[in-house]
Amino acid sequence: MTFNRLTIAAAVLCIAGAANQAQAAGYAHLDGLAVSMQSQARDLYNEFGLHFRHAAHFDHLRSDAANLYYLARHVHEVAHAGGATHHLEADLAQLDSVFHHLEDLVAHIEDDAHFGGGHIHGSTYHVQLKLRQMETTIHHMQSDVTEMLHPIDHFHGFGGPYGGGHLHDDHDDHHGHGGPVVVHSFGNGGGISFGSGGIRIRFGH
Numbered sequence: 003m004t005f006n007r008l009t010i011a012a013a014v015l016c017i018a019g020a021a022n023q024a025q026a027a028g029y030a031h032l033d034g035l036a037v038s039m040q041s042q043a044r045d046l047y048n049e050f051g052l053h054f055r056h057a058a059h060f061d062h063l064r065s066d067a068a069n070l071y072y073l074a075r076h077v078h079e080v081a082h083a084g085g086a087t088h089h090l091e092a093d094l095a096q097l098d099s100v101f102h103h104l105e106d107l108v109a110h111i112e113d114d115a116h117f118g119g120g121h122i123h124g125s126t127y128h129v130q131l132k133l134r135q136m137e138t139t140i141h142h143m144q145s146d147v148t149e150m151l152h153p154i155d156h157f158h159g160f161g162g163p164y165g166g167g168h169l170h171d172d173h174d175d176h177h178g179h180g181g182p183v184v185v186h187s188f189g190n191g192g193g194i195s196f197g198s199g200g201i202r203i204r205f206g207h
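At position 39 of the sequence shown (counting the first as 1) the number is 41 in my numbering, and the numbers step up by one without a gap.
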């Protein structure tokens with residue numbers, strides 16, 4: 003019994019190490035994506051100057067593109083410093099909201115120009131291409147943060163006589179403050195969990 007419990011504990015320590023490595027890789031990948039997003043926002047800002055300078059809401063367009071740039075730079079700074087994942091999640095939700103507002107505004111301006119409301123210079127193909135690239139980048143960043151928030155969701159427990167081996171995310175129970183994730187229950191009050199507070203191994207009676 004004791005041997006089995008210690009074996010499970012050792013396995014969980016290995017999982018914890020793998021999760022920490024995955025989170026470090028997640029920060030690095032997110033950091034790189036945020037830098038790419040800054041470049042894309044800068045390019046979009048310049049494209050607006052080329053094609054939309056005589057269109058309605060031109061200043062609004064450029065302001066939103068600049069806002070995307072600064073939001074992406076903030077995500078880059080937080081990710082580079084290994085900041086709180088819930089902070090990053092909120093930042094990316096804001097980034098996504100601003101992006102979709104800008105996307106809708108571009109569509110509105112193009113519709114107006116089609117019916118004589120302002121003038122667009124040349125083809126907006128590169129604007130649309132840049133918008134698609136930015137949308138993909140944002141979704142990749144959100145996916146990275148989701149994986150960082152739930153680093154062991156792809157494990158399905160150990161099974162065996164001490165419990166079903168199901169994972170349980172206590173995020174909601176801890177009001178979003180990074181509560182422990184219960185990995186395995188021994189029964190009789192025993193179990194193993196780890197989260198932002200570290201690893202806890204509790205043996206039952």
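In this text, a Cβ means the ideal position worked out from N, Cα and C, and glycines have one as well.
Next item on the list: Return the first residue and the last residue of the alpha helix (DSSP H) that F60 is part of.
Entry: Counting from 1 along the sequence shown, the entry for residue 60 is found at position 58. F60 -> alpha helix (DSSP H) spans 60-82.
Next item on the list: Whole angstroms is fine: what's the gap from H53's alpha carbon to H88's?
Entry: Reading the sequence shown from its first residue, position 51 is the one you call residue 53. Reading the sequence shown from its first residue, position 86 is the one you call residue 88. Using only the alpha carbons, I get a separation of about 38 Å.
Notebook entry, point to check: Taking DSSP as the reference, what is the three-state secondary structure of A57?
Noted result: If you number the sequence shown from 1, residue 57 lands on position 55. A57 falls in the strand class under three-state DSSP.
Next item on the list: Kindly indicate the opening and closing residues of the alpha helix (DSSP H) around F101.
Entry: Here the question's residue 101 lines up with position 99 in the sequence shown. Start and end: 87-116.
Margin query: Please classify H56 as buried or exposed, where buried requires at least 16 other C-beta atoms within 10 Å of its C-beta.
Written below: Locating residue 56 in the sequence shown gives position 54, counting from the first residue. Per the 10 Å Cβ criterion, exposed.
Note to self: Per the DSSP calculation, G119 is bridged to which residue(s)?
What the structure shows: Against the sequence shown, residue 119 aligns to sequence position 117. Bridge partners of G119: none, in fact.
Notebook entry, point to check: Cα separation between F157 and A95?
Noted result: The sequence position of residue 157 within the sequence shown is 155, counting from 1. The sequence position of residue 95 within the sequence shown is 93, counting from 1. Summary for F157: the model assigns pLDDT 46, below 50, so the residue's position carries little reliability, and this model does not support an answer.
Next item on the list: Please check the pair Q40 and A74, which I expect to be a contact at CB under 8 Å, by giving their CB distance rounded to whole angstroms.
Entry: Taking the first residue of the sequence shown as 1, we reach residue 40 at position 38. Taking the first residue of the sequence shown as 1, we reach residue 74 at position 72. About 5 Å; that satisfies the 8 Å criterion.
Item checked: Secondary structure of G124, DSSP reduced to three states -> Within the sequence shown, numbered from 1, the residue matching residue 124 stands at position 122. Coil.
Item checked: the stretch 75-86 in contact with the stretch 102-111 per 3-pair CB rule at 8 Å -> no
Margin query: Here's the rule I'm using: 16 or more other beta-carbon atoms within 10 Å means buried, otherwise exposed. How should A67 be labelled?
Written below: Here residue 67 refers to the residue found at position 65 when the sequence shown is read from its first residue. Buried.
Notebook entry, point to check: So what's H152 in DSSP terms, helix, strand or just coil?
Noted result: Within the sequence shown, residue 152 is the residue found at index 150, counting from 1. H152 falls in the coil class under three-state DSSP.
Item checked: Buried or exposed by the 16-neighbour rule on C-beta atoms within 10 Å, applied to G118 -> Walking along the sequence shown from the start, residue 118 turns up at place 116. So G118 counts as exposed.
Notebook entry, point to check: Which residues in the same chain as A43 place their Cβ atom closer than 8 Å to its Cβ, once the five residues preceding and following it in sequence are excluded?
Noted result: The residue given as residue 43 occupies position 41 in the sequence shown. Shown here for A43: same chain residues with a beta carbon closer than 8 Å to its own, the five before and five after excluded, namely A67, A68, L70, Y71, A74, M136 in chain order.
Note to self: Taking 7 Å as the limit between beta carbons, can you name the residues of its chain near D45, skipping five residues before and five after?
What the structure shows: Stepping through the sequence shown from its first residue, residue 45 is reached at position 43. Cβ within range, chain order: K132.
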